[in-house]
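Q: Take any residue in the sequence shown, count from 1 to its spot, add 76: that is its number in our numbering. Just so it is clear, CB atoms sit at the ideal spot from N, CA and C, and this is done for glycine as well. In this text, all values refer to a predicted model and were calculated from it rather than measured experimentally.
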Amino acid sequence: MKYTDDQVAEIGENIITALKTVYDPEIPVDIYELGLIYDVQISDEGAVKVIMTLTTPNCPVAESLPAEVREKVAEVENVAEVDLELTFEPSWNKDMMSEEARFELGMF
77 MKYTDDQVAE IGENIITALK TVYDPEIPVD IYELGLIYDV QISDEGAVKV
127 IMTLTTPNCP VAESLPAEVR EKVAEVENVA EVDLELTFEP SWNKDMMSEE
177 ARFELGMF
């Protein structure tokens with residue numbers, strides 16, 4: 077089944093909502109606001125590709141965090157499959173955090 081642009085947009089909004097429930101255990105801010113999600117691509121058939129990073133390549137949750145992201149996205153209604161790409165290019169830095177995340181962490 078092919079989804080309309082509006083349906084794909086709704087799936088995208090639901091994915092972002094799901095991603096905002098995933099937290100880096102060392103930082104009390106969700107991974108979306110931290111800027112760890114570089115891109116979310118959704119096909120008109122519900123296939124999703126998430127490109128993300130970690131705060132550092134040696135992150136203690138380097139295995140569990142991407143698995144949690146994949147699981148949360150897969151649970152979103154109308155998502156057919158999830159491909160997750162972990163990248164360190166560009167390297168994550170504090171400038172990638174949203175204004176909300178910086179406020180939460182007192183980094184203004």
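(1) Can you check DSSP and say which residues form a bridge with K125?
(2) List the residues that DSSP assigns as beta-bridge partners of Y99.
(3) Indicate the three-state DSSP secondary structure (helix, strand or coil) for M183 in the structure shown.
(4) Going by the beta-carbon positions, is the gap between I91 and V137 smaller than 8 Å?
(5) Could you tell me the distance, in whole angstroms, from the CA atom of A94 to the CA atom of N134?
(6) Count the CB pairs spanning the stretch 173-184 and the stretch 121-131 that are closer than 8 Å, and state whether there are at least three.
(7) Should P142 be labelled buried (16 or more other beta-carbon atoms within 10 Å of its own) or exposed?
(8) In this structure, how does DSSP classify G111 when only helix, strand and coil are distinguished?
A: Straight from the coordinates:
(1) Locating residue 125 in the sequence shown gives position 49, counting from the first residue. BP columns for K125 point to Q117, D159.
(2) Here residue 99 refers to the residue found at position 23 of the sequence shown. DSSP, once it has assigned bridges, lists D106 as partnering Y99.
(3) Sequence index remark: in the sequence shown, residue 183 carries index 107 (1-based). Three-state result, M183: coil.
(4) Your numbering for residue 91 matches position 15 in the sequence shown. Your numbering for residue 137 matches position 61 in the sequence shown. For the 8 Å CB-CB criterion, I91 and V137 do not form a contact.
(5) On the sequence shown, position 18 is the one that residue 94 refers to. On the sequence shown, position 58 is the one that residue 134 refers to. Computed Cα separation, rounded: 25 Å.
(6) no
(7) What you label residue 142 is simply residue 66 of the sequence shown in a count that begins at 1. Label assigned to P142: buried.
(8) Numbered from its first residue, the sequence shown carries residue 111 at position 35. Coil.
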